[in-house]
Structure formats: structure tokens, C-alpha cells
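Participant: Pasting in a structure now, in C-alpha cells, and then I'll have a few things to ask.
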Amino acid sequence: MNVDDKAETENADETRDVEATEGVEIDKATDVEQAPPKTTRGKITLRLKVVPVVLVLLLLASAGLAAWVYFKQYRPDQQTDHAAAQAAVNAAKDGTVALLTYKPETLDQDFAAAKSHLTGDFLNYYDEFTRQIVTPAAKEKAVTTTAQVVQAAVTEMHPNSAVVLVFVNQSTVSKDRPDPAMAASSVLVSMTKVDNTWLITKFEPV
């Protein structure tokens with residue numbers, strides 16, 4: 001084998017090496033092209049996992065919004081609607097009659113009944129006033145009073161407080177004046193809701 005033959009043989013070997021190398025690179029390129037589908041499947045799986053989480057969060061947010069609307073808007077409306085106002089009016093009427101009705105024979109029971117309609121400072125004031133002023137006078141002069149509510153209406157209404165205007169007729173008899181003395185008056189009765197019960201906190205003649 002001469003020099004030229006060896007050169008040709010080396011060139012042929014290099015050509016085969018290059019072709020073999022190129023073949024390997026093509027295989028690698030093929031592998032790289034096949035990799036993305038695995039990544040895409042991973043993204044799809046991730047998205048499928050994320051969607052339910054997002055839906056749960058949206059549902060929780062919606063539930064929270066619904067609760068806020070209920071307690072901030074619907075509940076106050078319920079607590080100041082016609083039924084709530086009527087409950088406050090009825091309590092004011094019953095309390096007014098209890099406050100202004102008593103007779104000497106049953107003073108303790110009458111005043112106890114009246115105090116069950118009161119709360120706060122007005123309860124303390126009424127208790128002291130009846131013990132120190134009303135009781136001695138009612139016993140000494142045999143004073144009997146009877147009250148009747150003619151009409152009543154709400155002037156202010158809130159979820160836990162109200163003001164009711166009450167029109168009342170009161171009849172009074174005593175040892176000195178056996179004939180009934182009639183009096184008509186109007187009273188602003190302030191109410192506060194305590195343990196879901198309307199109680200009187202102020203009683204102001206107008």
C-alpha cells in the first residue's frame with residue numbers, strides 16, 4: 001500500500017466517523033424532540049390539580065360574601081321590619097300600662113310587674129321612686145290608678161333599640177276623690193332589646 005492508498009483509506013475512515021457521528025447527533029435530536037410531550041403532560045396534570053383548588057377558593061369566597069351580605073344587610077332589615085317594630089310597640093304598650101296601673105291592696109305585686117318591663121338606670125329610678133314617693137301616698141290616700149293605651153307608633157327603629165310614642169288615658173280615684181279623674185297624655189318610651197326582649201329605658205311625657 002503506497003502513500004496515496006493510505007491517504008485515501010484515512011479519508012474514507014474519517015468520512016465514516018463523521019457519518020457515524022452525525023447519525024448519533026440525529027438520534028440525540030430525536031430524543032430531544034420526544035421530551036416535550038412528557039413536560040406537556042406534566043403541565044396538564046398540574047393544571048388539573050390547580051383547577052379544583054381554585055374552585056374551592058372561589059366557593060369559600062362566595063360563601064364568605066353571602067354571609068357578609070346576610071349579617072350586614074339582610075339581618076338588620078329583618079330586625080327592623082314590620083314584625084320587629086310591632087314587637088317593640090307591644091312591649092312599650094304593655095310596659096306603659098304596668099307603670100301607670102296600681103292600687104293600694106296590691107302595690108308590691110303591681111310594682112314588681114312594672115319593674116319586669118324596665119332596665120338600666122330607669123329601673124333603679126323607678127324602684128326608688130315607688131318606694132319613697134308612690135307607696136306612702138297610695139297607702140295613705142288609697143290611690144288607685146288604671147291606664148289604657150289608646151294608640152302607639154314607632155318613631156325610631158334600630159336592631160337593638162327603639163322609641164315608641166304612646167298615647168294613654170289614665171283614670172285615678174282616691175279616698176279624697178272617689179269620682180274617677182280622667183287624664184290623657186302622650187309619652188315617648190325608649191326601648192332597648194335585652195336577651196331578645198324589649199325593655200323600657202326611658203319614659204318621657206311629651
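Residues 1 to 206 in the working numbering are what the sequence shown lists, from first letter to last. Glycine included, every Cβ here is placed at the ideal spot set by N, Cα and C.
#1: Per DSSP, PHE111 forms a beta bridge with which residues?
#2: For a quick check, are the C-beta atoms of ALA152 and LYS103 less than 9 Å apart?
#3: Hey, VAL168 and ALA88 are a contact pair by Cβ (cut 8 Å); roughly how many whole angstroms apart?
#4: Could you tell me the alpha carbon to alpha carbon distance between PRO180 and LEU123, rounded to whole angstroms?
#5: I'd like to check one pair, MET157 with ALA84: are the Cβ atoms closer than 9 Å?
#6: Output needed for THR146: all residues of its chain with C-beta closer than 6 Å, excluding positions within five of it in sequence on either side, in chain order.
#7: Closest to VAL194 by CA distance: which of VAL166, PRO205, PRO159 is it?
#8: For the beta strand (DSSP E) holding GLN148, just list the boundary residues, first then last.
#9: Can you find the residues in the same chain that come closer than 6 Å, C-beta to C-beta, to VAL143, ignoring five residues on each side of it along the sequence?
#10: Report buried or exposed for ALA183, applying the criterion of at least 16 other Cβ atoms within 10 angstroms of its Cβ.
#11: Taking VAL206 as the reference, which of TRP198, VAL166, VAL134, ARG177 has the closest Cα?
#12: How many angstroms separate the CA atom of VAL189 from the CA atom of THR106?
#13: Return the CA-CA distance between PRO178 and HIS82, expressed in angstroms with no decimal places.
#14: For LEU118 versus THR197, is the C-beta distance shorter than 9 Å?
#15: Going by beta carbon distance, what residues of the same chain come within less than 8 Å of PHE129, once the five residues before and after it are set aside?
#16: Less than 8 Å between C-beta atoms, sequence neighbours within five positions excluded: which residues of the same chain meet that for ASP176?
#17: Which one of TYR125, THR135, GLN86, GLY120 has the shortest CA to CA distance from ASP110?
#18: Hey, quick one: how far does the beta strand (DSSP E) through GLU204 stretch, first residue to last?
#19: For ASN124, name the three-state secondary structure that DSSP assigns.
#20: For VAL150, count the other beta carbons within 10 Å of its own beta carbon; 16 or more makes it buried, fewer makes it exposed. Which is it?
#21: Within 10 angstroms of the Cβ of TYR126, are there 16 or more other Cβ atoms? Answer buried if so, exposed if not.
Facilitator: By the coordinates alone:
#1: Bridge partners of PHE111: none, in fact.
#2: No, the Cβ-Cβ distance between ALA152 and LYS103 is not below 9 Å.
#3: Contact between VAL168 and ALA88 is absent: CB atoms are separated by about 16 Å, not below the 8 Å threshold.
#4: When rounded, the distance between both Cα atoms is 29 Å.
#5: Yes, they are a contact pair.
#6: Cβ-Cβ distances below 6 Å link THR146 to THR101, SER171 in the same chain, with the five nearest sequence neighbours on each side left out; the list follows chain order.
#7: Ranked by Cα distance from VAL194, the options VAL166, PRO205, PRO159 are led by PRO159.
#8: If you look at GLN148, you'll find it in the beta strand (DSSP E) that goes 144-157.
#9: Scanning its chain for C-beta atoms nearer than 6 Å, with the 5 sequence neighbours on each side dropped, one finds around VAL143 the residues SER174, in chain order.
#10: Counting Cβ neighbours within 10 Å, ALA183 comes out exposed, since fewer than 16 surround it.
#11: Of the listed residues, the one whose Cα sits closest to VAL206 is VAL166.
#12: Approximately 25 Å between the Cα atoms of the pair.
#13: Roughly 43 Å separates the two Cα atoms.
#14: Judged by beta-carbon spacing, THR197 lies beyond the 9 Å limit of LEU118, meaning their Cβ atoms are not closer than that value.
#15: Cβ within range, chain order: n/a, list empty.
#16: For ASP176, the CB contacts under 8 Å within the same chain, skipping 5 residues up- and downstream, are LYS141 in chain order.
#17: When C-alpha distances from ASP110 are compared across TYR125, THR135, GLN86, GLY120, the shortest belongs to THR135.
#18: Counting along the chain, the beta strand (DSSP E) containing GLU204 begins and ends at 197-205.
#19: The answer is helix: DSSP assigns ASN124 an H, G or I state.
#20: By the neighbour-count criterion, in which a residue is buried when 16 or more other Cβ atoms sit within 10 angstroms of its Cβ, VAL150 is exposed.
#21: Of the residues assessed, TYR126 falls on the buried side of the cut-off, its CB having 16 or more other CB atoms within 10 angstroms.
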